[in-house]
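> First, the structure itself, so that you have it in front of you.
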Amino acid sequence: MVELESRIPLRVSNCKAYVWDVDDIATLRSKHHICGILAGTLPHLSQQNVFLGVPLLLMPEEVAFLVESELAVLVDDSVAHHDPSTSSMQRWNTQRVDDIKRQISLAQEKEVKEAATFGRAMSEDAIRKRKERESRRAQEKANTSDPTDISLFNAPSDEPSSRPNQDVSASQPPNPASSSD
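Numbering follows full-length UniProt numbering, with no gaps: position 160 of the sequence shown is 160.
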């Protein structure tokens, strides 16, 4: 007689027996020569005709042989699970609330710890170099900007100008007040 723990659970649904454990499927096929039919789809290939996956669907004859040989046990999931009592539901709910509170407090502690160590993330030497770099960039920017540079007011163009070497004064419209006609 085979021990109850070593028996393969055959899950019954809609009067059909399924095997959901990959190791149990391998045992059925290699030791007991029960092939069955793989009826599931693989996660990355949802539409397929050749390669199928877990669960393994067994024929009624295969199920009868396995149960009579005491190699498997039938499990009807709808009857195997019982509704929880009110005390167990309350216990579960309090554990869930305590778990949530603990996770929130841990997250807050982590945020406080990260905020406290933010300034120490860079060494003093790195902070000094960064300030020097920023001041050097600001100085270079101040030196390169010319207040008489008119290109600041012109929009940059991706296309080359069709009128090369054109003077800025020539591109301005004539001033009617300056004409003495």
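Glycine is no exception: its CB is placed at the ideal position from the N, C-alpha and C atoms.
All of these numbers come straight from a predicted model, not from anything done at the bench.
Thinking C-alpha only, which one of A80, S78, K16 and R96 is nearest V57?
Note on residue identity: the sequence assigns Leu, not Val, to residue 57. Of the candidates A80, S78, K16 and R96, the one whose C-alpha sits nearest the C-alpha of L57 is K16.
> Kindly list the residues whose CB is nearer than 8 Å to the CB of G40, restricted to its own chain and excluding five residues on each side of it in sequence; keep chain order.
Hits under 8 Å: L52, G53, V54 and P55.
> Give a yes or no on whether the C-beta atoms belonging to R7 and A80 are separated by under 8 Å.
No.
> Near I37, what residues of its chain come up, given a Cβ to Cβ distance below 6 Å and the 5 sequence neighbours on each side ignored?
Contacts found: L57.
> Provide the residue span of the beta strand (DSSP E) that contains L28, from first to last.
Unbroken run through L28 is the alpha helix (DSSP H), V22 to S30; no beta strand (DSSP E).
> Going by alpha carbons, who is nearest to C35 out of D83, N143 and E61?
Here the closest residue by C-alpha is E61.
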